[in-house]
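Residue numbers (this note's numbering), protein chains in the order written: chain A, 1 to 270; chain B, 271 to 539.
Worksheet for the structure shown next.
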């Protein structure tokens, strides 16, 4: 009996330790984002200086806006292209489906840097200058296959006779797809969209090589500020702690709220 | 009879065209560049130059070793975590799993930056000065830190699928805990191990953000190599990219393909 308790404690300790290591850096930044100075290690007193600096710096705000707008646009376009593509693939001949699926897997398993290099070289070869368009294409290349991957399983689970029934009852194929098929795959479409958003928000490498000059996202900005640091980046780096904290809090809130609403739904079902 | 205005099959055309233009053709362009020299003549010069340079080859070996160590450490940490969570009878174990996935949603570069600040703090403390110059240690730590969820998720999902009655049967038949683990848990979680390993090994070979930000630009991995050639020699860059591409495809083929349903970054949670 005692041995079991010991094993239980050991298990909890191990999981707790791994979680502690995962969260220490983030919590450290969260604490020092409220410090007066921009030195980590000595807490000089509570202040919101870094938050003020974050919201007062138009360059930083611009780059945050860029990041989210790009992620939103890329995710919308990828979701539309990927969902329509998955529908087409689902209904087409097996051989064609396998071909498209194979090509679609390439960006998923490929190293990001290879994808970035191949796109850049191709853009130059066809005389396309780096612009917002090339950046958007780059993000769509990494996001769309994941949308297809999350829509496909829902299509396989779907009851196909409903579509036939809609046709028999006089719906046009388009209307049947829109009114009958689409509602059944909505969960897959939504998770595909969310996935596309996070992939795009997280991306550094493809952004770096397809972006127009002067265009900064959070990733490229932080990377450049830390690796090619110069005199006044120290101040903005401290405001990045504030940014990390804000993003972290938003994510935690999002997860807590979605979990709570999920629980409530389950209880309502009972 | 009504003539349908459009066929459902035609819906795949836009995506197919997109893939041809922005995935297939770029791959072919890479192959073309890899086998040509600066004057666009067909040549194997890039291969010969690359594979006859010992410093380049040793960098590749280093990069492979770093990726290997990262993958092994990730597996050693993730496997017990996934096992404990999958077999625990807790009602809210989902919440704990969520805690492991949650940091993944903070911007990747910001997360690495947080770790960098932690290392800076630690190396300023007494007795920890060695940390400042241990670039390889910091790089591997950072990669494990960032890629751990990619290992935990597929392991957890495959372990959940293991029928609990198998454990009971094994115990009934007289197997001890260790035998049950090696004969039941490990073989049945093999698909999870495979997809976890591919999900971690590849980025730790190519994602140079971690090695650049934590390794004081002293640690060069294959991905960094390609990026260094970006500016001046696309033919060489394409050649390395091609080699990497072949490695990726062969390893994906060997590990039985990418299990899409399992590890799409926790979106299915």
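Beta carbons are placed, not taken as given, at the ideal position from N, Cα and C, and that holds for glycine.
| Query | Result |
| --- | --- |
| Where the alpha helix (DSSP H) containing residue 368 (chain B) begins and where it ends | 363-371 |
| Paired residues, beta bridge with residue 482 (chain B) - DSSP | Paired residues: none, contrary to the question. |
| Cβ-Cβ distance between residue 492 (chain B) and residue 509 (chain B) below 8 Å | no |
| is_contact[residue 344 (chain B), chain A] using C-beta, thresh 8 Å | no |
| Test: residue 522 (chain B) CB closer than 8 Å to a CB of chain A | yes |
| Cβ shell of residue 86 (chain A) (< 7 Å), same chain only, five flanking positions each side left out | 148, 151, 152, 155 |
| Check: residue 142 (chain A) C-beta below 7 Å from any heavy atom of the ligand COA | You won't find the ligand COA in this model; it holds no ligand whatsoever. |
| Where residue 312 (chain B) falls: helix, strand or coil (DSSP) | strand |
| Secondary structure of residue 409 (chain B), DSSP reduced to three states | helix |
| Per-residue burial, residue 383 (chain B) [other beta carbons within 10 Å of its own, 16 or more giving buried] | buried |
| Reduced DSSP category for residue 451 (chain B) - H, G, I as helix; E, B as strand; rest coil | helix |
| Contained beta strand (DSSP E) runs [length at least 3] in the segment 424-479 of chain B, N- to C-terminal order | none |
| Range covered by the alpha helix (DSSP H) that runs through residue 173 (chain A) | 173-176 |
| Counterpart residues of residue 35 (chain A) in DSSP-defined beta bridges | A:46 |
| For residue 306 (chain B), the three-state DSSP class (helix, strand or coil) | strand |
| Between the CA atoms of residue 359 (chain B) and residue 253 (chain A) - distance to the nearest angstrom | 26 Å |
| Residues within the segment 242-260 of chain A neighbouring chain B, beta-carbon criterion of under 8 Å | 243, 244, 247, 248, 251, 252, 255, 259 |
| Exposure of residue 43 (chain A), with buried meaning 16 or more beta-carbon neighbours within 10 Å | exposed |
| Euclidean distance between Cα positions of residue 100 (chain A) and residue 164 (chain A) | 25 Å |
| With 16 other Cβ atoms within 10 Å as the buried cut-off, status of residue 453 (chain B) | exposed |
| Pairwise C-alpha distance: residue 320 (chain B) and residue 300 (chain B) | 16 Å |
| Cβ-Cβ distance between residue 285 (chain B) and residue 88 (chain A) below 8 Å | yes |
| Pairwise C-alpha distance: residue 9 (chain A) and residue 3 (chain A) | 10 Å |
| Residue 132 (chain A) - DSSP class collapsed to helix/strand/coil | helix |
| CA-to-CA distance, residue 401 (chain B) to residue 392 (chain B), given in whole angstroms | 8 Å |
| Secondary structure of residue 402 (chain B), DSSP reduced to three states | helix |
| Unbroken stretches of the alpha helix (DSSP H), 4 residues or longer, contained in the segment 58-128 of chain A | 58-91, 94-109, 112-125 |
| Members of the segment 326-350 of chain B near chain A, C-beta cut-off 7 Å | 347, 350 |
| Cβ-Cβ separation, residue 146 (chain A) to residue 195 (chain A) (assumed contact under 8 Å), whole Å | 5 Å |
| Cross-chain neighbours of residue 292 (chain B) in chain A, by beta carbon under 8 Å | 119, 122, 137, 140, 141 |
| Distance CB(residue 198 (chain A))-CB(residue 207 (chain A)) smaller than 8 Å | no |
| Continuous alpha helix (DSSP H) stretch holding residue 325 (chain B): start and end | 324-357 |
| Three-state secondary structure assigned by DSSP to residue 503 (chain B) | coil |
| Same chain only: Cβ atoms within 6 Å of residue 184 (chain A), ignoring 5 sequence neighbours per side | 158 |
| Interface partners of residue 14 (chain A) on chain B, CB under 8 Å | 350, 351, 354 |
| Residue 248 (chain A) vs residue 75 (chain A) beta-carbon contact at 8 Å | no |
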